[in-house]
Every structure is written in C-alpha cells, then in structure tokens.
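Residues in the sequence shown are numbered from 1 upward in steps of one, following this note's numbering.
I have placed the structure first, in the form of structure tokens, so that the comments after it can refer back to it.
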Amino acid sequence: MSKPTVEEFTKFFLDEYEPASQPIEDEDAIPADLLKRAAHAGAYRLTIPEEHGGYGLSVTDYLPYLEGAARGHGSGRMLVHLTNGVWRPLARFGNQDQRALIPKMASGAAVVAFCLTEQSGGTGRNLQSRALRAGAGWRISGEKHLITFADRADHFILVVATDDRQAKDSLTAFLVPRETDGFEIDATQHTMGLHGTGHAWLRYSGMYVEDRFRLGEIGQGLEVALSFLDYSRVSLSNCMVGLAQRALDEATSFARKRVTFGKPIAERQAIQTHLADMYADVEAGRGLVLKAARQCDAGENFTAAAATAKLFCLNMVGRVTDLSLRVHGGFGYTKQAAIERIYRDARGFWFEEGTAEIQSLVVARHVLDA
Ligand SMILES: Cc1cc2nc3c(=O)[nH]c(=O)nc-3n(C[C@H](O)[C@H](O)[C@H](O)COP(=O)(O)OP(=O)(O)OC[C@H]3O[C@@H](n4cnc5c(N)ncnc54)[C@H](O)[C@@H]3O)c2cc1C
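If you want it as structure tokens, here you go:
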C-alpha cells in the first residue's frame, strides 16, 4: 500500500471523514465503514516500522499528517494518534506473539487500548489494581476507567501493581485479550466531546491471566507505560496544534463573512487582535512540538521538551478555541457551527494522558535541575 501525501491524507480527514461524522456525534460510535476507509487512507500505519507493515515515518515526518487529521473530527485524530503510538510498547517489550499484533494494527484488523487510569484513586505508582501470582499465571483484580476505544479494542495493555511498595519497579504490564474470562468492559462512559472514541470502565476481580500475556518483565510496567506516554506527549501536543489551527481557520472565515454595522467584522481592530493572538499562539505551539519531535528522532532525552510542548499547547488550545468561539458570536454556541464541536473536543486535551499540572511538575523539575 503506497504512502499518501500529507495533502491526500488531510483531504481524507477534512473532505471525507468529517462530512460523514454526524452519526458519530449522534450515536457516539464510529461506523464500521468509516473505520475501513480510514485504514485504506493509511491512518493506522504511518509510524509503524516497515518491517511490521507500516510506512515507518519518523516523529518529525509524522507531524504534518497528524496535524491534518487533527483539523477534522476528534474521533479521526484519535484513531491516528492512538494507533500510531500504542504499537511502541509492543515492539519494545513484546514477545513474538505480542509483536505479531503490530501488522494487524497497521491494517486496522487489531485494536489495542492503553489502560492506566483508575477512578478509585491513584495514578502512576499509586495504582490500586493488583496482580498476584497464581500457579503459572496471575490473578488480577481492580478497575480502570476512561479507556479510549475500549468499545472496540481486542487487546488491552493493562498496567497494575505486583507489590505494595509503590516503588518504580512495583508495576507490571499485561496484554489482556478482550475475551478473557472475568474481564468486564462497560463502554457507556460518554464524554463531553470527542464523540466516537468509545470510552469505558474496565472491571476485573480475580481474573486469571496466563504468564505469556505479561508485557515486559515483572516490575517493568512503568517503563512500558512511559514508552507510550513520553512519545505521546509530542503526538498529543501536535493534535492540539491541528485543532487550534482549525479553530483559527473557522474564526477567519466567519470574520470575513459576518457583516455588522455595514462592515465585515474582520475589518474591526478588536477582531484582528483576536486573530493575531490566535495565530501567534498556534505558531508558537507548532515550534515547540517540532523541537520535541526532532530531539526524539535524534535519540536525545526529550522528556522536558515534550512536557514543555504539552504544557504550552494545553493552555494554547484553550485560549484559541475560546477566542474562536467569541469571534463567532452567538452563532458559535449553536450546533450548526463547527466551533461548537471543536470547543468541546478541545476540552478533552486537559486530561488526556496527563494534565497541565503534571506537565508543570516535569518542566519545573527540569528548570530546577538545570
Ligand atoms: C479524552 C480522554 C481520553 C483518555 N484516554 C485514556 C486512556 O486511553 N487510557 C488511560 O489510562 N486513561 C485515559 N484517560 C484518562 C486520563 O489519562 C486521566 O484523566 C488523566 O491522566 C488525569 O488523571 P485523573 O483523571 O485520575 O485525575 P486526578 O489524578 O484525579 O487529578 C485531579 C486534579 O488534580 C491534579 N493533580 C493530581 N495529582 C497531582 C499532583 N501530584 N500534583 C499536582 N496536581 C495534581 C490534576 O492535575 C487534576 O487537576 C483519558 C482521559 C480523557 C479525558
């Protein structure tokens, strides 16, 4: 399957996916046909290495593709963002059977969900889910929530504690098949925006999992999670740039058309200031993302650059979508305006894979250690 150009890829998400997205907004699920068309457009194989059936794009080369998808419907960019990131823990830590899933992910035949967050309290080392040795396997008990695409995933990267020390090496990851006995998936966790992204609660009490389903060594769970999350900060920041650019495009086009007191509002200095502020914000975000991506591709430590990009872009996408809504006037608050959905989708970024407060901790540590 030949690699699409950035223009072809963006055109698919803006001219084919988004116009077909009303059922997603209404029913909070992506139609099977649209998922197939996204696979045909190459959405799932951009960064997957060629040896696993992907196009093997570097993070830097991937950015314009992802930005194109992120200008469209939130569920479309989530398909691209997640699939092009979640193969990484499998490639690095997986056994032969687990790695064999990667080509299937590239074609859209397999979907893997990443499961860390717990409603009952506790993140990172503080997880409440526990795996206890049981003969040749494990008994796992606990719950997760807000798990993206859990409605359709066939495998789940489940990060749980294997001892009570809350130490760096107290967590272990498992790649749990959907059909495992005692694995309950309740995909009715509907979100404010990002409709179609299939969030769910997962519940498991004494669920038996064979040791061959362990992903990585015992105690390597945090590393497994970070092999997805570190990279993911760059990818998500880029999604914020794409959505903010779309909010700016919508505001610009509306300001040219909307006439009040005999003149298009685009000719009013107050509106021009809004557009200029939005433009500067988007450009600054794009620059920070590019810096983090280049460090990542060069094999350098990019943790601080990625957290800085994410911290800035989180605030940036909030400011830009606020201003875009204001430029639209009351029309922007109706379902007929694209900014109404864009505004809701943008709020998901506050929480997805780590909040601004947590990015601040990472950035502050970098500043204080310098
Ligand atoms: C659209 C979307 C998709 C998601 N997809 C997934 C997924 O696929 N898999 C998955 O595992 N999770 C997923 N999540 C969950 C997401 O990763 C978490 O919501 C996020 O990491 C925050 O954790 P929390 O909700 O437990 O917030 P909490 O940890 O309860 O935080 C509440 C508030 O306290 C602040 N806070 C918490 N701890 C500290 C601290 N130590 N210092 C300072 N402030 C602190 C937080 O910043 C936040 O403001 C998704 C969430 C959303 C909205």
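We treat Cβ as the ideally placed atom computed from N, Cα and C, and that holds for glycine.
All of these numbers come straight from a predicted model, not from anything done at the bench.
| Enumerated in chain order, which unbroken segments of the alpha helix (DSSP H) with a length of 4 residues or greater are wholly contained in the stretch 210–298? | 221–257 and 269–297
| query | Would the C-beta of L215 count as close to ligand 1, meaning under 7 Å from any of its heavy atoms? | reply | no
| said: Just checking L158 against ligand 1 - is the residue's beta carbon closer than 7 Å to any of the ligand's heavy atoms? | reply: no
| request: Could you pull out every residue in the same chain whose Cβ sits closer than 8 Å to the Cβ of D154, ignoring the five residues on either side in sequence? | output: A110, V111, V112, P177 and R178
| query | Of all the options P64, P49 and D322, which has the alpha carbon lying nearest to the alpha carbon of R92? | reply | P49
| How do the stretch 47–62 and the stretch 219–229 stand: do at least 3 beta-carbon pairs fall below 8 Å, yes or no? | no
| query | Near K257, which residues of its chain fall below 8 Å by C-beta distance, leaving aside the five closest residues on each side in sequence? | reply | P264
| Which word fits M78, buried or exposed, when buried means at least 16 other C-beta atoms lie within 10 angstroms of its C-beta? | buried
| task | Work out the CA separation of C296 and L368 for me, nearest whole Å. | result | 22 Å
| Got a sec? Which residues, its chain only, sit under 6 Å from S129 by beta carbon, not counting five neighbours each side? | Around S129, the same chain offers G142 and V160 as residues with beta carbons nearer than 6 Å, after the five sequence neighbours per side are excluded.
| said: So, with DSSP's three-state summary, where would you put V111? | reply: coil
| request: Check whether the Cβ of K144 lies closer than 7 Å to any heavy atom of ligand 1, and answer yes or no. | output: yes
| request: Say whether chain B places a C-beta atom closer than 8 Å to the C-beta of G330. | output: No chain B appears in the structure shown, which is made up of a single protein chain.
| message | Taking the alpha helix (DSSP H) that L66 belongs to, which residues open and close that run? | response | V59 to A70
| Is the beta carbon of E352 within less than 7 Å of some heavy atom of ligand 1? | yes
| field | Three or more C-beta pairs below 8 Å linking the stretch 270–285 and the stretch 209–216 | value | The stretch 270–285 vs the stretch 209–216: no contact.
| Rounded to a whole number of angstroms, what is the C-alpha to C-alpha distance between W138 and L361? | Answer to the nearest angstrom: the Cα atoms are 34 Å apart.
| field | Spatially closest choice to L66 from A293, E267 and G330, by CA coordinates | value | With distances taken between Cα atoms, L66 lies closest to A293.
| task | Determine which residues share a DSSP beta bridge with H52 and list them. | result | Paired residues: none, contrary to the question.
| said: Any contact between the stretch 347–365 and the stretch 326–336? By contact I mean 3 or more CB pairs, one from each, below 8 Å. | reply: Fewer than three beta-carbon pairs drawn from the stretch 347–365 and the stretch 326–336 are found closer than 8 Å, and the two stretches are therefore not classed as touching.
| request: Could you say if the stretch 42–56 and the stretch 94–109 meet the contact criterion of at least three C-beta pairs nearer than 8 Å? | output: The count of Cβ pairs closer than 8 Å, one atom from the stretch 42–56 and one from the stretch 94–109, reaches three, so the stretches are in contact.
| task | In the DSSP assignment, find the unbroken beta strand (DSSP E) run with S21 in it and report its ends. | result | Counting along the chain, S21 falls outside any beta strand (DSSP E), and DSSP gives it neither H nor E.
| field | C-beta contact flag for T47 and N84 at 8 Å | value | Going by C-beta atoms, T47 is nearer than 8 Å to N84.
| Under the three-state DSSP convention, the category Y44 falls into | coil
| query | If you draw a straight line from the alpha carbon of F9 to that of L243, how long is it in whole angstroms? | reply | Straight-line Cα distance between these residues: approximately 16 Å.
| query | With distances taken between CB atoms, is the gap from A304 to V289 smaller than 8 Å? | reply | no
| Would the beta-carbon of L202 fall within 8 Å of that of E184? | Between L202 and E184, the C-beta spacing is below 8 Å.
| Taking the Cβ atom as the reference point for each residue, do G94 and F149 lie within a distance shorter than 8 Å? | no
| query | Taking all protein chains shown into account, do 16 or more other C-beta atoms lie within 10 angstroms of the C-beta of M240, making it buried, or fewer, making it exposed? | reply | Around the beta carbon of M240, 16 or more other beta carbons sit within 10 angstroms, so the residue counts as buried.
| said: Pop quiz: P89 and S227 are said to be a contact at Cβ under 8 Å. What is the actual Cβ separation, rounded to whole angstroms? | reply: 5 Å
| query | Do T355 and ligand 1 come close, with the Cβ less than 7 Å from some heavy atom? | reply | yes
| field | The beta strand (DSSP E) enclosing E172, as first and last residue numbers | value | Here residue 172 is Thr; the residue named in the question, Glu, does not match the sequence. Element bounds for T172: L171 to P177.
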